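Chemist: First the structure, then my questions, so here it is.
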Amino acid sequence: MSNIHETAVVSALSNVHPTVKIGAYSVINEHVKIGEDSIIESFCEIGIKNSLNKSDQLTIGPRSLIRSHSVIYSGSVFERNLETGHHVTLRENIKAGVNLRVGSYSDLQGDLFIGDYTRIHSNVHISKHSSIGNFVFIFPFCVFTNDPIPPSELVRACTVSDYAVIASSATLLPGVNIGQHAFVGAGSTVTTDVNEYSLVVGTPAKKIKDVREIKIPGEPEVPAYPWKSRFNRGFTDEAIKILLQTEV
Amino acid sequence: MSNIHETAVVSALSNVHPTVKIGAYSVINEHVKIGEDSIIESFCEIGIKNSLNKSDQLTIGPRSLIRSHSVIYSGSVFERNLETGHHVTLRENIKAGVNLRVGSYSDLQGDLFIGDYTRIHSNVHISKHSSIGNFVFIFPFCVFTNDPIPPSELVRACTVSDYAVIASSATLLPGVNIGQHAFVGAGSTVTTDVNEYSLVVGTPAKKIKDVREIKIPGEPEVPAYPWKSRFNRGFTDEAIKILLQTEV
Amino acid sequence: MSNIHETAVVSALSNVHPTVKIGAYSVINEHVKIGEDSIIESFCEIGIKNSLNKSDQLTIGPRSLIRSHSVIYSGSVFERNLETGHHVTLRENIKAGVNLRVGSYSDLQGDLFIGDYTRIHSNVHISKHSSIGNFVFIFPFCVFTNDPIPPSELVRACTVSDYAVIASSATLLPGVNIGQHAFVGAGSTVTTDVNEYSLVVGTPAKKIKDVREIKIPGEPEVPAYPWKSRFNRGFTDEAIKILLQTEV
Numbered sequence: 241m242s243n244i245h246e247t248a249v250v251s252a253l254s255n256v257h258p259t260v261k262i263g264a265y266s267v268i269n270e271h272v273k274i275g276e277d278s279i280i281e282s283f284c285e286i287g288i289k290n291s292l293n294k295s296d297q298l299t300i301g302p303r304s305l306i307r308s309h310s311v312i313y314s315g316s317v318f319e320r321n322l323e324t325g326h327h328v329t330l331r332e333n334i335k336a337g338v339n340l341r342v343g344s345y346s347d348l349q350g351d352l353f354i355g356d357y358t359r360i361h362s363n364v365h366i367s368k369h370s371s372i373g374n375f376v377f378i379f380p381f382c383v384f385t386n387d388p389i390p391p392s393e394l395v396r397a398c399t400v401s402d403y404a405v406i407a408s409s410a411t412l413l414p415g416v417n418i419g420q421h422a423f424v425g426a427g428s429t430v431t432t433d434v435n436e437y438s439l440v441v442g443t444p445a446k447k448i449k450d451v452r453e454i455k456i457p458g459e460p461e462v463p464a465y466p467w468k469s470r471f472n473r474g475f476t477d478e479a480i481k482i483l484l485q486t487e488v
Numbered sequence: 241m242s243n244i245h246e247t248a249v250v251s252a253l254s255n256v257h258p259t260v261k262i263g264a265y266s267v268i269n270e271h272v273k274i275g276e277d278s279i280i281e282s283f284c285e286i287g288i289k290n291s292l293n294k295s296d297q298l299t300i301g302p303r304s305l306i307r308s309h310s311v312i313y314s315g316s317v318f319e320r321n322l323e324t325g326h327h328v329t330l331r332e333n334i335k336a337g338v339n340l341r342v343g344s345y346s347d348l349q350g351d352l353f354i355g356d357y358t359r360i361h362s363n364v365h366i367s368k369h370s371s372i373g374n375f376v377f378i379f380p381f382c383v384f385t386n387d388p389i390p391p392s393e394l395v396r397a398c399t400v401s402d403y404a405v406i407a408s409s410a411t412l413l414p415g416v417n418i419g420q421h422a423f424v425g426a427g428s429t430v431t432t433d434v435n436e437y438s439l440v441v442g443t444p445a446k447k448i449k450d451v452r453e454i455k456i457p458g459e460p461e462v463p464a465y466p467w468k469s470r471f472n473r474g475f476t477d478e479a480i481k482i483l484l485q486t487e488v
Numbered sequence: 241m242s243n244i245h246e247t248a249v250v251s252a253l254s255n256v257h258p259t260v261k262i263g264a265y266s267v268i269n270e271h272v273k274i275g276e277d278s279i280i281e282s283f284c285e286i287g288i289k290n291s292l293n294k295s296d297q298l299t300i301g302p303r304s305l306i307r308s309h310s311v312i313y314s315g316s317v318f319e320r321n322l323e324t325g326h327h328v329t330l331r332e333n334i335k336a337g338v339n340l341r342v343g344s345y346s347d348l349q350g351d352l353f354i355g356d357y358t359r360i361h362s363n364v365h366i367s368k369h370s371s372i373g374n375f376v377f378i379f380p381f382c383v384f385t386n387d388p389i390p391p392s393e394l395v396r397a398c399t400v401s402d403y404a405v406i407a408s409s410a411t412l413l414p415g416v417n418i419g420q421h422a423f424v425g426a427g428s429t430v431t432t433d434v435n436e437y438s439l440v441v442g443t444p445a446k447k448i449k450d451v452r453e454i455k456i457p458g459e460p461e462v463p464a465y466p467w468k469s470r471f472n473r474g475f476t477d478e479a480i481k482i483l484l485q486t487e488v
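Protein chains in written order, with this note's numbering: chain A, 241 to 488; chain B, 241 to 488; chain C, 241 to 488.
Here it is as structure tokens:
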């Protein structure tokens, strides 16, 4: 138990692997399962229950890293290698694949499906019932919405397909679908669906070109997108193998 | 005292009702009054004093819920049923009516007047001296500004009238007044006053129609606004009675 | 040691001046130097090490104020009179001059150079390798980006020159340079360099006038910019002396 700081409060009804490190003043509630070699930093509260939890369990896979001041609700399953920034809020009923990264201050509002190897940067707000694919990149201050006539009981959630990129400060209006390999420019407000391989920018966002026409700066012959053939920083060997598979 | 976690630090000069629950590691400073059946979650600091406080008292009404990692300054009065998300900052000299909701990460900068039954979602920034009416909805990442020639000593604060809706990621420029039942579209930058019942969108925001022309999706005969005749989730019986009053 | 709350965890290998006050539940790690008369409020973690730290030291100058729930990494030097809001994240390898202010929830991502007397308000996101001059004002929800073809290994960081003003919710695209005394309007998306003394607004931001043509509201004869001749709230005598120097 020497991995657990003496000021941490760990429920006897939790299931924390003996290799897990827990920082000062963190609280681990009952029915929380944390896999081997994970780290929970200081000032976190893990396993918050509320009336919306579909399950009273929370599963955080092996080799995860939860940075300080983060809050994670019960009712979710995060597969191995979850990594969060500081001050993150992850609400109930999230099903997330392997190696999800969530940046500081991001707020995942719950009832979400997220694929494998997706990276959500800082200050991103994902509204309830959104669905996000594999290898998606969402940059700081993006906001997903889901209510077509706010306030209402209607939910028109957004979907984002594999390999799509949503640049900083973009806002997705309710029910928008972002296609595979699409790119949403920084500061855009997306009001309609974005086709695969489309680059859209502006308010409202309009298609200005195919992403395959974008070149690497200084290398006018080399297409920059799809990005999967040229970028793999921080991905595991297994992920890189997937990235480099030729598409059918 | 069994409602107070053993690690909480509660000033002997506070006035916390015996039914209040206080979570792990929270700090309640002197001259804080918390009404019956309220819950203060973990890692909060309640009752911070600074040189700007008009009063050294802080009043949080009965049946309030303050979620974890929140910070509330002295000098404010929140009536019953205040509910906050996580990581909220509520500064000094706020006068708020009943049943205010403030979402995670929102930052109310102080010297504010807020009416009854208003809902401020996550990551909203309300600048000093703003005035917000009753039954107002402000969605995530909205920013209110107040300085017409920044940086300056001038204050031109924004006002929002009853039943108005400000959708996600909207920015209000200094001194803008939003009329009753108006609707500001997501991602808009509002540079001039918005008349009652107007729908404005864009940067700069322009009126595109009367809100009463917006229909419920799939129900082309049914007007969606004013919303008060069709939405009441989470409101008390008393609030619903007000919502359903016919206007004169 | 009576300035240090009994629940604070202060490393024996830190170098905290005896006059420093440390609040409840804060953690000060090893190799942290904090100068005289500074205050660290509650729930902070100061001196986080990671593999990106260029140094394992952190220096916080005299008379600094770090508000609650803030996180500061090792590898940075902040000169005297640093002042932060709540829930701030300051990452590794920042070199900041005197009297830097950073508002609540702001996230300085590291590898930064920041001059003297600069004020970064709430919820600002500064991406890695940005460079910010002296007496710069950056208002809430501004986002600096640095990757021209995200995701990539390329870094095209932004620079902001002395006395520039970036109003709320502005987004700077990768590699943008903001000239001295320039003004970026609220809600703008800046896609190209901004010349000195230019006022730019919109998405994409376009120059609409010279800042020296902007007048003080109600005083049509009095130019509002450069602001340095008319605003000095909160600055020290030394700073005011610099502000009032006539330019050559």
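Don't be surprised by glycine CBs; every beta carbon is placed ideally from N, CA and C. Source: prediction; values computed, not measured.
Return no unless some Cβ of chain A is closer than 8 Å to the Cβ of B/ALA479.
Modeler: no
Chemist: Answer yes or no: does any C-beta atom of chain B fall closer than 8 Å to that of A/SER392?
Modeler: yes
Chemist: In angstroms, rounded to a whole number, what distance separates the CA positions of B/MET241 and B/LYS261?
Modeler: No answer about B/MET241 holds up, because its pLDDT of 48 lies below 50 and its placement is not dependable.
Chemist: Please report the distance separating the alpha-carbon of B/PHE318 from that of B/VAL338.
Modeler: Here the C-alpha atom of B/PHE318 lies approximately 7 Å from the C-alpha atom of B/VAL338.
Chemist: So what's B/SER469 in DSSP terms, helix, strand or just coil?
Modeler: helix
Chemist: Between A/ILE286 and the rest of its own chain, which residues show a CB-CB distance below 6 Å, the 5 nearest in sequence each way excluded?
Modeler: If we look at A/ILE286 and ignore the five residues flanking it on each side, its Cβ neighbours are ILE268, VAL272 and ILE312.
Chemist: With three or more C-beta pairs closer than 8 Å as the rule, is the segment 438-453 of chain B touching the segment 473-486 of chain B?
Modeler: no
Chemist: Please classify B/GLU323: does DSSP put it in a helix, a strand, or coil?
Modeler: Strand.
Chemist: Am I right that B/HIS257 and B/GLU276 are in contact with their C-beta atoms under 8 Å? What's the rounded C-beta distance?
Modeler: 4 Å
Chemist: With which residues is C/ARG359 paired in a DSSP beta bridge?
Modeler: C/ARG341 and C/PHE377
Chemist: Contact defined as beta carbons within less than 8 Å: I believe A/TYR348 pairs with A/ILE366. What is the distance between those atoms, to the nearest angstrom?
Modeler: Reading off the sequence shown, one finds Leu at residue 348 of chain A, where the question assumed Tyr. With a Cβ gap of about 5 Å, A/LEU348 and A/ILE366 count as contacting.
Chemist: Within a Cβ cutoff of 6 Å, which residues of the same chain sit near A/VAL328, ignoring the five residues on either side of it in sequence?
Modeler: SER310, VAL342 and SER346
Chemist: Measuring alpha carbon to alpha carbon, tell me which residue in C/GLU393, C/SER408 and C/GLU323 is nearest C/PRO302.
Modeler: C/GLU323
Chemist: Please classify C/ILE252 as buried or exposed, where buried requires at least 16 neighbouring CB atoms within 10 angstroms.
Modeler: At residue 252 of chain C the sequence reads Ala, which differs from the Ile that was named. Exposed.
Chemist: Chain C beta carbons: is any one of them nearer than 8 Å to that of B/LEU413?
Modeler: Interface residue, yes.
Chemist: Grab the span of the alpha helix (DSSP H) containing B/LYS481 for me, first residue to last.
Modeler: Membership of B/LYS481 in the alpha helix (DSSP H) is indicated by the continuous run 477-483.
Chemist: Taking the beta carbon of B/GLU478 as the centre, do at least 16 other beta carbons fall within 10 Å, making it buried, or is it exposed?
Modeler: exposed
Chemist: Give the straight-line distance between the Cα atoms of C/ALA407 and C/SER401, rounded to the nearest whole angstrom.
Modeler: Each residue's alpha carbon lies about 15 Å from the other.
Chemist: If I measure Cβ to Cβ from C/PRO388 and keep anything under 6 Å in the same chain, skipping five residues before and after, which residues do I get?
Modeler: In its chain, beyond the 5 residues on either side, LEU394, ARG396 and PRO414 have a beta carbon closer than 6 Å to the beta carbon of C/PRO388.
Chemist: By how many angstroms is the C-alpha of A/HIS369 removed from the C-alpha of C/TRP467?
Modeler: 47 Å
Chemist: Using a C-beta to C-beta distance shorter than 7 Å, which residues of chain A count as neighbours of C/HIS365?
Modeler: Against C/HIS365, the close residues of chain A are SER362, ASN363, PRO380 and PHE381, in the order they occur along the chain (beta-carbon pairs closer than 7 Å).
Chemist: Which residues in the same chain have their Cβ closer than 8 Å to the Cβ of C/ASN293, if we skip the five residues on either side of it in sequence?
Modeler: TYR313, SER314, GLY315, GLU332 and ASN333
Chemist: Please report whether the beta-carbon of B/PRO457 lies at a distance below 8 Å from any beta-carbon of chain A.
Modeler: yes
Chemist: Are the CB atoms of A/VAL405 and A/VAL416 nearer to each other than 8 Å?
Modeler: no
Chemist: Return no unless some Cβ of chain C is closer than 8 Å to the Cβ of B/TYR345.
Modeler: Contact of B/TYR345 with chain C is assigned, a C-beta pair being separated by under 8 Å.
Chemist: For the beta strand (DSSP E) holding B/GLU489, just list the boundary residues, first then last.
Modeler: Because chain B spans 241 through 488 in this model, residue 489 of chain B falls outside it and cannot be assessed.
Chemist: For B/LYS446, which option in B/THR385, B/GLY427 and B/ILE306 has the closest C-alpha, if you only look at C-alpha atoms?
Modeler: B/GLY427
Chemist: Measure from the C-beta of A/VAL376 to each C-beta in chain C and report whether the shortest distance is under 8 Å.
Modeler: no
Chemist: Does the beta carbon of C/PHE471 sit closer than 8 Å to a beta carbon anywhere in chain B?
Modeler: yes
Chemist: Give the secondary structure of C/VAL364 by DSSP, where H, G and I count as helix, E and B as strand, and everything else as coil.
Modeler: coil
Chemist: Could you check if A/ILE448 is buried or exposed, using at least 16 other CB atoms within 10 Å of its CB as the buried criterion?
Modeler: Counting every other CB atom within 10 Å of its CB across the protein chains shown gives A/ILE448 a total below 16, marking it as exposed.
Chemist: Rank B/CYS284, B/ASN321, B/PHE375 and B/GLY419 by C-alpha distance to the C-alpha of B/ARG307 and give the top, closest one.
Modeler: B/CYS284
Chemist: Need the endpoints of the beta strand (DSSP E) that B/ASP296 sits in, please.
Modeler: Run containing B/ASP296: none; DSSP gives neither H nor E here.
Chemist: Residues of the segment 428-454 of chain B in Cβ contact with chain C at a cutoff of 7 Å, in chain order, please.
Modeler: THR429 and THR443
Chemist: I'd like to know whether the C-beta of B/THR399 is nearer than 8 Å to at least one C-beta of chain F.
Modeler: The structure shown contains no chain F; its protein chains are A, B and C.
Chemist: Using only CA atoms, which one of A/GLY458, A/TYR357 and A/ASP351 lies nearest to A/ASN321?
Modeler: A/TYR357
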